[in-house]
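Input: a single structure, listed below in structure tokens.
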Amino acid sequence: MISLVSPDLHRLDLGGVNAYLWTGAAGPTLIDAGMPGSFQTLLHDLAAVGVQPADLQRIILTHADLDHIGGVKALAQLTSARILCHTAEAAYVRGEKSKGPTPSLLGYLIRPFFALVYRRYRPAAPRVDQLLLDGETLPEGFTVVHMPGHSPGQIALHHAGRGILIAGDALNNRGGRLHLPPPLFTPQMAAARESLARLSKYSFEIACFGHGPPLVGGADAAIAAFVRGAG
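Under our numbering, the letters of the sequence shown match residues 45 to 275, in that order.
See the structure below:
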């Protein structure tokens, strides 16, 4: 299901995980690509707003978890859009390194399942066309904000002119409440908290998450209050 968050910004609810479509002057840009099994839903949502894969100019990946890059391999066969990610995430996006649960009893028990899923779907992108760095400004008007913790090269995207933050999995919005990323899939929780604290220097009215609905209106204050409470 696709919905308009703000002018030029659509949320694609792909079933438990979000992707975003930016339709500004720089051309259509997809931010994240959902699970492998949600690819047809992704195509349907793009078509609902008149965007075909061949129209995409860029695919920006906030990080390389399976539920965020699962559609990239199939999508790359239908588009020449440039694929972008942070330099610290590129090896995971290309499939040169694999991800899994953090070391723990539960992590140990479910690690074989994750290995099986990755072998079956092989979600790696066929290429990475541009490596991103913290503070870099993109043609869409977004600034890259490096947010390590949940993943080494996770990024958020901040659009100062529009007052928008796309947070990836730096935090999520479930059940009407903000949450830290799950410890089972966050290898550096202390770094994740430090990354969230960095957001205090950015102003934004709208915050979009990898999981859950966006916050619209006073999102920066809401996240700042959450960070203080979670600290």
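The beta-carbon is built from N, C-alpha and C at its ideal position, and this holds for glycine as well.
Beta-carbon proximity of residue i to residue j, cut-off 9 Å
i	j	result
Pro72	Leu105	no
Ser195	Glu133	yes
Asp109	Lys143	yes
Gly197	Thr131	yes
Arg55	Val49	yes
Asp264	Ala251	yes
Thr85	Leu58	yes
Met191	Ala236	yes
Contact belief for residue i with residue j at Cβ below 8 Å, rounded distance in angstroms
i	j	result
Asp75	Leu201	Residue identity differs from the one stated: residue 75 is Ile in this sequence, not Asp. With a Cβ gap of about 7 Å, Ile75 and Leu201 count as contacting.
Ala168	Arg138	6 Å
Leu243	Leu176	In fact, because the Cβ distance is near 18 Å, the residues do not count as touching under 8 Å.
Ile113	Ala69	That belief does not hold up - the Cβ atoms of Ile113 and Ala69 are roughly 26 Å apart, past 8 Å.
Leu182	Val189	12 Å between Cβ atoms; not a contact.
Ala135	Ile103	18 Å between Cβ atoms; not a contact.
Buried versus exposed, by CB contacts within 10 Å (16 or more), residue i
i	result
Glu184	buried
Pro258	buried
Ser82	buried
His88	exposed
Thr230	buried
Gln121	exposed
Met45	exposed
Leu260	Note on residue identity: the sequence assigns Val, not Leu, to residue 260. It counts as exposed.
Leu228	exposed
Pro80	buried
Ser239	buried
Pro51	exposed
Ala91	exposed
Limits of the unbroken beta strand (DSSP E) element including residue i
i	result
Lys85	What sits at residue 85 in the sequence shown is Thr, not Lys. From DSSP, Thr85 is part of no beta strand (DSSP E) but of the alpha helix (DSSP H) over 83-92.
Ala251	250-252
Val189	187-190
Val49	46-50
Gly74	The question names Gly, yet the displayed sequence has Leu at residue 74. That run of the beta strand (DSSP E) goes 73-75.
Leu56	53-57
Tyr64	62-66
His203	199-203
His223	221-223
His194	Run containing His194: none; DSSP gives neither H nor E here.
His130	126-130
Host alpha helix (DSSP H) of residue i (start-end)
i	result
Tyr136	134-137
Asp264	263-274
Leu110	110-113
Leu240	233-242
Val172	Here Val172 belongs to no alpha helix (DSSP H), and DSSP marks it neither H nor E.
Leu209	No alpha helix (DSSP H) contains Leu209, which is instead part of the beta strand (DSSP E) from 208-210.
Ala118	116-120
Contact test: residue i Cβ vs the ligand SAM heavy atom, cutoff 8 Å
i	result
Ala236	The ligand SAM is not among the ligands present in this structure, which contains no ligands whatsoever.
Practice prompt. Kindly confirm or deny that the region 208-228 and the region 91-98 touch, where touching means at least three C-beta pairs closer than 8 Å.
Written response: Too few Cβ pairs lie closer than 8 Å, so no.
Worksheet item: Within the chosen definition, does the region 205-213 reach the region 170-181 through at least 3 CB pairs nearer than 8 Å?
Response: With a cut-off of 8 Å, the region 170-181 and the region 205-213 do not count as touching, because too few Cβ pairs lie within range.
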